[in-house]
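> Count the first sequence with our numbering and you get residues 14 to 607, in order.
Beta carbons are placed, not taken as given, at the ideal position from N, Cα and C, and that holds for glycine.
This structure is in structure tokens; I'll ask about it shortly.
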Amino acid sequence: MDIQEELKSAIQRAVSELYQQESGEVSLQPTKKEFDGLYTFVTFPLTKALRQAPAQIGQAIGNWLVANSEIVSGFNVVQGFLNISIADAAWIEVLNDIAGNPSFGQLASKGKSVMVEFSSPNTNKPLHLGHLRNNFLGDSVSRILAANGYDVVKTCIVNDRGVHICKSMLAYKLFGNDETPEQAGMKGDHLVGKYYVLFDKAYKQQVEEMVGQGMPKEEAEKKAPLMLEVQQMLRLWEQGDPETVSLWRKLNDWVYTGFDATYQSIGVSFDKTYYESNTYVLGKEIVEEGLQKGVFYRKDDGSVWIDLTDQGLDQKLVLRSDGTSVYMTQDLGTTDLKYQDFHNDRQIWVVGNEQDYHFNVLFAILRRLGRPYANNLYHLSYGMVDLPTGKMKSREGTVVDADDLIQETTEAAAMAADDAAKGKLDEFTAAEKASLFHMLGLGALKYYLLKVDPQKRMQFNPAESVDLHGNTGPYIQYVHARIQSILRKATEADIALNGNISDTQLDEIEQQLVFLLSQYPQRVKEAGDDFAPSYLAQYAYELAKTFNQFYDKLPILKETDPVKLQTRLVLAKCIGETIQKAMGLLGIEVPQKM
RNA sequence: GCAUUCGUAGCUCAAUUGGAUAGAGCACCUGACUACGGAUCAGGAGGUUUGGGGUUCGAAUCCCUACGAGUGCACCA
């Protein structure tokens with residue numbers, strides 16, 4: 014039973030019977046805590062059409078509902094707000110429905126597919142905090158879309174070629190002495206990152222020396238021997254020079270091994286990985302096509318452009334005068350390629366907001382080219398992650414490394430367990446403990462990054478991110494463990510959960526909990542519509558918090574009335590399952606014990 | 001300069017998309033049957049939603065404006 018839908022249609026009937034008018038779409042909102050009731054109907058919008066005072070309308074509809082709807086048990090009117098209370102019997106029916114539906118919250122298949130592209134790292138350095146926000150968002154949005162009934166394809170485009178990786182390659186060639194990750198005792202991505210930093214140091218030094226000898230800085234930056242060598246290396250790579258290519262392979266392989274370990278550690282995977290070294294030449298045919306269609310135009314020097322000034326955008330280059338492609342050309346090509354590979358109904362990119370303009374232009378071009386998919390593209394843009402000390406800058410060494418961060422949060426969880434778990438983990442093996450602490454540490458981190466609106470720039474406070482109290486991942490994980498403990502005790506006491514609860518009187522907080530549970534599918538939908546994991550983070554917290562209040566207020570196992578005992582156990586079980594599902598959509602696992 | 005995003009408690013974030021007395025957590029105070037798991041719960045204090053104007057029954061939310069912050073405006077990716 015869907016109480017909300019029934020209420021809506023009941024209100025529509027009320028309006029048409031009482032006033033002989035159509036109310037149109039009825040929208041309900043949760044009642045504020047200080048008032049009685051769980052659903053609120055706002056009557057202000059009806060005042061004009063019905064020519065009555067808001068409170069009068071509320072009274073009339075309220076009376077009608079109590080008289081004509083079985084699910085409505087009472088109401089009160091405050092100004093123009095009609096607060097509606099629902100009968101216990103209806104809540105129990107809802108709870109029985111939820112308890113009997115294993116796929117509660119999984120919405121019906123849409124018969125449509127969506128591609129989510131995220132992560133998309135460069136291969137010259139390890140993943141850092143900013144990447145984590147990206148990965149967590151992309152992974153979570155993929156799960157949310159799947160729960161919304163889409164077939165989801167997760168992709169990653171690895172930027173494995175270009176000047177940046179040549180910098181690491183050159184530094185390795187000059188200073189590396191054939192060092193391997195094993196010898197260095199480092200993950201491959203960290204080792205390659207080390208040489209990237211070394212390059213930058215050596216390069217800066219060269220530039221400084223040249224400036225000291227009187228050369229303007231800009232000129233020195235271009236003419237520094239190291240930079241010239243990097244560019245030569247890139248040319249050699251493009252020509253397929255065997256030595257260069259083999260060095261490139263070696264370093265990239267190390268990086269991939271390192272990335273794989275990180276991805277596995279954070280629980281992220283992809284259905285398909287594209288490599289830019291394979292796709293960077295794509296898009297030139299599209300430029301031809303655009304010229305023929307008159308979407309693009311060629312300048313005298315041979316470069317190709319599109320004029321988007323009528324859309325408030327600029328003129329944009331799509332092909333250089335020497336015939337080589339730019340970023341935009343490649344993205345046109347890969348977008349087409351991805352569509353040819355999977356024919357997804359929608360494509361989503363999880364990319365930082367510094368590329369907002371790029372995606373505006375990309376989508377505009379694809380629309381003008383008449384691509385059939387062009388109206389179903391979406392850039393999930395997210396803000397940067399700042400440190401309390403300011404902005405992260407990789408060259409200044411102020412980045413927070415992803416692997417280090419996960420290790421720190423895991424250690425924090427382990428330390429907290431020492432004084433909090435108090436013997437509950439005694440039967441755990443060392444490996445089980447390690448995996449639990451990883452689950453908790455990662456849960457803290459993911460929750461911390463996902464609970465805020467993606468669009469907003471956010472601040473990362475290391476101390477807060479490992480906090481396990483209050484509005485945090487571990488708080489919610491704790492509630493799940495707590496519920497499992499209760500259910501275990503029930504089993505030990507031979508209390509069977511027969512699932513179907515008979516009518517009984519519910520406490521206010523129990524109603525509140527069933528109400529929250531019943532909201533879950535709608536939250537899943539909203540999170541999918543808005544690509545907003547934060548909705549589910551908040552939902553999980555709200556559910557966990559309300560459960561704790563319930564737990565504190567009412568006995569469960571100590572309850573003597575068998576019907577109430579049964580009701581509370583089923584309620585607890587459903588809350589545990591829903592917490593697990595909601596957290597699962599954030600990519601966060603929940604423990605049986607902690 | 002142009003474009004764009006943002007500005008909410010001391011700090012980090014919410015606010016069901018225009019609804020009621022703007023809510024949580026952290027930090028700070030005060031309390032809770034020797035815990036059905038205290039990684040908890042109850043309470044206190046903390047706000048002119050950056051300032052100013054407008055729209056309307058009603059604005060943190062929409063419009064205008066000033067101020068402040070971020071990002072983008074490469075024949076880089």
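#1: Can L241 and A215 be called in contact, C-beta distance under 8 angstroms?
#2: What did DSSP end up calling F272 once you bin it into helix, strand or coil?
#3: Does the distance from the C-beta atom of L375 to that of F544 stay below 8 angstroms?
#4: With a cut-off of 8 angstroms on the beta carbons, I'd call I84 and A62 a contact; round off their distance for me.
#5: Express the C-alpha separation of D399 and H177 in angstroms, rounding to a whole number.
#6: Give every residue of the same chain whose Cβ lies closer than 8 angstroms to the Cβ of T485, excluding the five residues on either side of it in the sequence, and list them in chain order.
#7: For K329, count neighbouring C-beta atoms within 10 Å of its own C-beta (all shown protein chains included) and say buried if the count is 16 or more, exposed if not.
#8: Whose C-beta lies closer than 6 angstroms to the C-beta of K138 among residues of the same chain, with five residues either side of it excluded?
#9: Report yes if the C-beta distance between G71 and G93 is below 8 angstroms; otherwise report no.
#10: How is the alpha helix (DSSP H) around P43 delimited, first residue to last?
#11: Since L150 and P467 should fall inside the 8 angstroms C-beta cutoff, what is the C-beta to C-beta distance between them, to a whole number of angstroms?
#12: Taking the beta carbon of T193 as the centre, do at least 16 other beta carbons fall within 10 Å, making it buried, or is it exposed?
#13: Using the Cα positions of I489 and T411, report the straight-line distance between them to the nearest angstrom.
#14: Check this for me: beta carbons of L570 and I522, under 8 angstroms apart or not?
#15: Residues in its own chain within less than 6 angstroms of G315 by CB, not counting five upstream and five downstream?
#16: Give me the Cα-Cα distance between G280 and V603, rounded to the nearest whole angstrom.
#17: Grouping DSSP H, G and I as helix and E and B as strand, with all else coil, what is T53?
#18: Quick check: Y185 and K125, are their CB atoms within less than 8 angstroms of each other?
#19: Less than 8 angstroms between the beta carbons of L345 and I378, yes or no?
#20: Counting pairs of beta carbons, one from the segment 532-540 and one from the segment 110-129, are three or more of them closer than 8 angstroms?
#21: I need the DSSP call for R381, collapsed to helix, strand or coil.
#22: Measuring CA to CA, which of C587, G541, K577 and L530 is closest to Q497?
#23: Who are the near neighbours of T322 in its chain, counting only those whose CB is closer than 6 angstroms to its CB and skipping five residues on each side?
#24: Let me check understanding here. Comparing Cα to Cα, which of L211, Y269 and G175 lies closest to V243?
#25: Is there contact between the segment 414-422 and the segment 439-455, where contact requires at least three CB pairs shorter than 8 angstroms?
#26: Is it the case that the Cβ atoms of L530 and F563 are separated by a distance below 8 angstroms?
#27: Considering Cα atoms alone, identify which of F212, L211, D213 and A237 is closest to M223.
#28: Go through its chain and collect everything with a Cβ distance to L41's Cβ below 7 angstroms, but skip five positions before and after it.
#29: Just to confirm, are D349 and K200 a CB contact at a threshold of 8 angstroms?
#30: Roughly how many angstroms lie between the CA atoms of T136 and M596, to the nearest whole one?
#31: Specify the secondary structure class of N96 as computed by DSSP and reduced to three states.
#32: In angstroms, rounded to a whole number, what distance separates the CA positions of R501 and A443?
#33: First and last residue of the beta strand (DSSP E) that includes Q328?
#34: Can you find the residues in the same chain that come closer than 6 angstroms, C-beta to C-beta, to Y32, ignoring five residues on each side of it along the sequence?
#35: Does DSSP put M471 in a helix, a strand or coil?
#36: Whole angstroms are fine: how far does the CA of E298 sit from the CA of A387?
If we stick to the structure as given:
#1: Going by beta carbons, L241 and A215 fall outside the 8 angstroms limit.
#2: helix
#3: no
#4: About 26 angstroms; that fails the 8 angstroms criterion.
#5: 23 angstroms
#6: A457, Y460 and Y461
#7: buried
#8: G206 and Y209
#9: yes
#10: Counting along the chain, P43 falls outside any alpha helix (DSSP H), though it belongs to the beta strand (DSSP E) covering L41 to P43.
#11: 6 angstroms
#12: exposed
#13: 31 angstroms
#14: no
#15: Sequence-distant Cβ neighbours of G315 in its own chain, meaning closer than 6 angstroms and more than five residues away, are S334.
#16: The C-alpha of V603 is placed about 13 angstroms away from the C-alpha of G280.
#17: strand
#18: no
#19: yes
#20: yes
#21: R381: helix per DSSP, three-state reduction.
#22: Taking the Cα of Q497 as reference, the smallest distance to any Cα among C587, G541, K577 and L530 is reached at C587.
#23: Exclusion of the five residues before and after T322 leaves no residue of its chain whose Cβ lies closer than 6 angstroms to its Cβ.
#24: G175
#25: yes
#26: no
#27: It is A237.
#28: Q17, L20, K21, Y52, T53 and F54
#29: no
#30: 31 angstroms
#31: Of the three classes helix, strand and coil, the one that applies to N96 here is strand, per DSSP.
#32: Rounded to whole angstroms, R501 and A443 show a C-alpha spacing of 23 angstroms.
#33: Q328 -> beta strand (DSSP E) spans Q328 to L332.
#34: Around Y32: L63.
#35: strand
#36: 18 angstroms
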